[in-house]
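In this note's numbering, the protein residues as written are 10 to 533. Where is the CB? At the ideal position from N, CA and C, for every residue including glycine. Notes follow once the structure below has been shown.
Here's what the structure looks like:
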């Protein structure tokens, strides 16, 4: 591989990773949920086991978020700086996934593994929001790399211990314990792990991880922390009130979440079916099976918990893409070109409706959905959008033949679509999905030192409105507060309030058809 191609692939990874991490307020859902946890750590200083209320959470992700927020505080907003932690963990996962593929299949599989990981559809959004499961993603990649290199590089014990420790501090005990057990049974499954030096290194890594885990649990116990919450045991059957097998949900989500890595991984397994006792086949496949099993038995699984599955499937996909038949490779390549070309065209049609009010019917629909500033041309998004589209066309025109060209086109295409989407519509998404505009309204209407009683809203909305408005919003009503903020559902009767409350302003989030806010002022 030439140095210029390596540089271009590195730039592609940065182009996929950086856009979306900064430049917007925390969005509703997972992004805002973890930012609320981060605010609790940032404001209250509960570094050992941060959480909101009675909900504790493993600290590793929030530790790094606090560091990146502090490091970038001179030039980035607090939420942008904290969200960089996700980018850091995904970068670690890309690096160690590439190393694992190189150890298993050869150095020419390094970049295909990284491209397969960043090309996974399910990773795209989750990697660009505040999400502690990106730390789990990094931990799985570190463990898989250490186990892949162990038969040839026996000094991988510290890497294995580090990966298991990352898992323990990222999302709890069970995932770390499961992969530690997987590492422990490898000598019984494959001859490559039965060599005395490999066995000693494997044992040393597991012992180091166990010592770290025992010390961590001892510190938590010494500080009277809730161990079940600290180790995330409530997510598993036997803890709490819920239980059940979620295999149906997992099977329905994997085809799109792991696209296009799963068909490439399946092809690789088929091609290597005769080497069923070699690490090249068994190690990533077993890792995938163990993580899939954990997902199916966990309580209330979400898409973010599928992130860990992207690492072993990407490593296998790296082997699969290099052995694709010519017909399949061309079909994959042209499918990628047509799909992302069509999506790019759709985005430009919606841009025309938003900025130029053409076509008129689509522009009217956007207006009915609450999209602001329809019909007003924005020059900078237009210029940067044209540059991004031109770069995509030039990339396709100058692309050279290589075994992993189809995967490269897919990964570059998903990067093109993501960057174009954010360039043309980031302001629209930020207005619809964040609490920033509501908070700005409160900041303009309520005096700086006044407090606001909150009614009808959850802790996430209350914390985010307090952050954006820089006002004291109370969950428990205080008689001395002269302002009241009520979250209401549409088509429901209004709240019964005392006579001294008078409506001051109604605040509507663009496009929100379910909720709106009413700000009341106390009458003198």
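To the nearest angstrom, how far is it from the Cα of residue i to the Cα of residue j?
| i | j | result |
| --- | --- | --- |
| residue 350 | residue 213 | 51 Å |
| residue 207 | residue 323 | 26 Å |
| residue 421 | residue 410 | 15 Å |
| residue 332 | residue 116 | 15 Å |
| residue 303 | residue 181 | 12 Å |
| residue 4 | residue 172 | No statement about residue 4 is possible, as the shown extent of the chain runs from 10 to 533 and does not include it. |
| residue 545 | residue 50 | Past the boundaries of the shown model lies residue 545; the chain is included only from 10 to 533, so the question cannot be answered. |
| residue 27 | residue 530 | 43 Å |
| residue 537 | residue 462 | Since the first residue shown for the chain is 10 and the last is 533, residue 537 is missing from the structure and cannot be characterised. |
| residue 41 | residue 478 | 15 Å |
| residue 306 | residue 69 | 24 Å |
| residue 21 | residue 423 | 11 Å |
| residue 330 | residue 79 | 41 Å |
| residue 4 | residue 427 | Because the chain here runs from 10 to 533, residue 4 falls outside it and cannot be looked at. |
| residue 137 | residue 436 | 16 Å |
| residue 23 | residue 100 | 9 Å |
| residue 25 | residue 386 | 27 Å |
| residue 453 | residue 469 | 21 Å |
| residue 568 | residue 266 | In the structure as shown, the chain begins at 10 and stops at 533. Residue 568 is therefore absent and cannot be evaluated. |
| residue 378 | residue 135 | 25 Å |
| residue 356 | residue 376 | 17 Å |
| residue 365 | residue 438 | 18 Å |
| residue 316 | residue 300 | 10 Å |
| residue 359 | residue 449 | 27 Å |
| residue 261 | residue 408 | 35 Å |
| residue 532 | residue 503 | 19 Å |
| residue 279 | residue 133 | 28 Å |
| residue 83 | residue 281 | 52 Å |
| residue 363 | residue 517 | 20 Å |
| residue 505 | residue 464 | 11 Å |
| residue 259 | residue 318 | 11 Å |
| residue 401 | residue 29 | 19 Å |
| residue 389 | residue 354 | 19 Å |
Just to check my reading of the structure: residue i and residue j have Cβ atoms closer than 8 Å, yes? What is that Cβ distance to the nearest angstrom?
| i | j | result |
| --- | --- | --- |
| residue 372 | residue 384 | 7 Å |
| residue 312 | residue 131 | 6 Å |
| residue 217 | residue 147 | That belief does not hold up - the Cβ atoms of residue 217 and residue 147 are roughly 18 Å apart, past 8 Å. |
| residue 314 | residue 142 | 6 Å |
| residue 539 | residue 126 | The requested residue 539 is not part of the displayed model; the chain covers only 10 to 533. |
| residue 8 | residue 397 | Within the shown structure, residues of the chain are numbered from 10 to 533, placing residue 8 beyond reach of any answer. |
| residue 189 | residue 221 | Actually they are not in contact, since the Cβ atoms of residue 189 and residue 221 sit about 11 Å apart, beyond 8 Å. |
| residue 522 | residue 499 | 7 Å |
| residue 4 | residue 158 | Here the chain covers residues 10 to 533 and nothing more, so residue 4 does not appear. |
Within a Cβ cutoff of 7 Å, which residues of the same chain sit near residue i, ignoring the five residues on either side of it in sequence?
| i | result |
| --- | --- |
| residue 361 | 367 |
| residue 381 | 440 and 519 |
| residue 327 | 110, 114, 118, 121, 122 and 125 |
| residue 17 | none |
| residue 541 | Look at the range of the chain in this structure, 10 to 533, and you will see that residue 541 is not part of it. |
| residue 179 | 67, 69, 70, 141, 144, 145 and 148 |
| residue 232 | 57 |
| residue 338 | 415 |
| residue 85 | 31 |
Please list, in chain order, all residues of the same chain as residue i whose beta carbon is under 8 Å from its beta carbon, the five residues on each side excluded.
| i | result |
| --- | --- |
| residue 73 | 94, 97, 98 and 144 |
| residue 48 | 472 and 476 |
| residue 81 | 89, 90 and 93 |
| residue 515 | 525, 526, 527 and 528 |
| residue 264 | 271 |
| residue 489 | 460 |
Which one of the options has the shortest CA to CA distance from residue i?
| i | options | result |
| --- | --- | --- |
| residue 197 | 516, 287, 341 and 525 | 287 |
| residue 346 | 430, 419 and 338 | 419 |
| residue 460 | 444, 481 and 78 | 481 |
| residue 491 | 136, 499, 458 and 466 | 458 |
| residue 5 | 374, 228 and 163 | Because the chain is modelled from 10 through 533, residue 5 falls outside the range shown and cannot be assessed. |
| residue 235 | 516, 66 and 394 | 66 |
| residue 403 | 425, 168 and 415 | 425 |
| residue 57 | 506, 370, 230 and 22 | 230 |
| residue 52 | 179, 75, 100 and 428 | 75 |
| residue 200 | 456, 160 and 369 | 160 |
| residue 297 | 191, 416, 430 and 174 | 191 |
| residue 394 | 521, 342, 502 and 429 | 429 |
| residue 14 | 414, 392 and 259 | 414 |
| residue 494 | 501, 483 and 500 | 483 |
| residue 35 | 129, 139, 262 and 390 | 139 |
Apart from the five residues just before and just after residue i, which ones in its own chain have a Cβ nearer than 6 Å to its Cβ?
| i | result |
| --- | --- |
| residue 195 | 202 |
| residue 325 | 274, 277 and 293 |
| residue 184 | 176 |
ask   = Is it a yes or a no for the segment 437-451 touching the segment 466-484, going by three-plus beta-carbon pairs under 8 Å?
value = The answer is yes - the segment 466-484 touches the segment 437-451, with three or more Cβ pairs under 8 Å.
query = Does the segment 102-109 touch the segment 148-163, meaning 3 or more C-beta pairs lie closer than 8 Å?
reply = The segment 148-163 is in contact with the segment 102-109.
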